[in-house]
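Novice: Before I ask anything, let me first share the structure, which is written out below as structure tokens.
Quick look at the structure:
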């Protein structure tokens, strides 16, 4: 599998997703990858409370815009496997 790489050969991550979702920079600058809580989890927690109207499709669009089609595929597989109404 080939993973999407950024121009400096780094895999696009939570910072790129935050930018794609127009999360204010001062919101996520304190997220620290060295802390026990994942910055990705912190970002998703912030999104769930501050952008509660964000649809899964919009999240997938933002992920696709940063080349994270692998995550989009995983999300789609997850939701396709769930029974309707759950």
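In full-length UniProt numbering, the protein residues as written are 1 to 86. We put the beta carbon where it would ideally sit given N, CA and C, even for glycine.
1. What whole-angstrom Cβ distance do residue 105 and residue 14 have, given they're in contact under 8 Å?
2. By the DSSP assignment, the alpha helix (DSSP H) with residue 30 in it spans what residues?
3. Our contact map puts residue 44 next to residue 31 with C-beta atoms below 8 Å; I'd like the distance itself, whole angstroms only.
4. Determine, using beta carbons only, whether residue 51 and residue 21 come nearer to each other than 8 Å.
5. Once DSSP output is grouped into helix, strand and coil, what is the label at residue 11?
6. Have a look at residue 82 and residue 58 and give me their C-alpha separation to the nearest angstrom.
7. Would you kindly work out how many angstroms separate the C-alpha atoms of residue 78 and residue 69, rounded to a whole number?
Specialist: Concretely, from the data shown:
1. The structure shown does not extend to residue 105, since the chain is modelled only from 1 to 86, so the question has no answer here.
2. Neither: residue 30 is in no alpha helix (DSSP H) and is coded neither H nor E.
3. Rounded to whole angstroms, the Cβ separation of residue 44 and residue 31 is 11 Å, and the two are not in contact under 8 Å.
4. Note that the C-beta distance between residue 51 and residue 21 is below 8 Å.
5. DSSP places residue 11 within a strand segment (E or B) once states are collapsed to three.
6. Between residue 82 and residue 58, the C-alpha separation is close to 19 Å.
7. The C-alpha of residue 78 lies about 14 Å from the C-alpha of residue 69.
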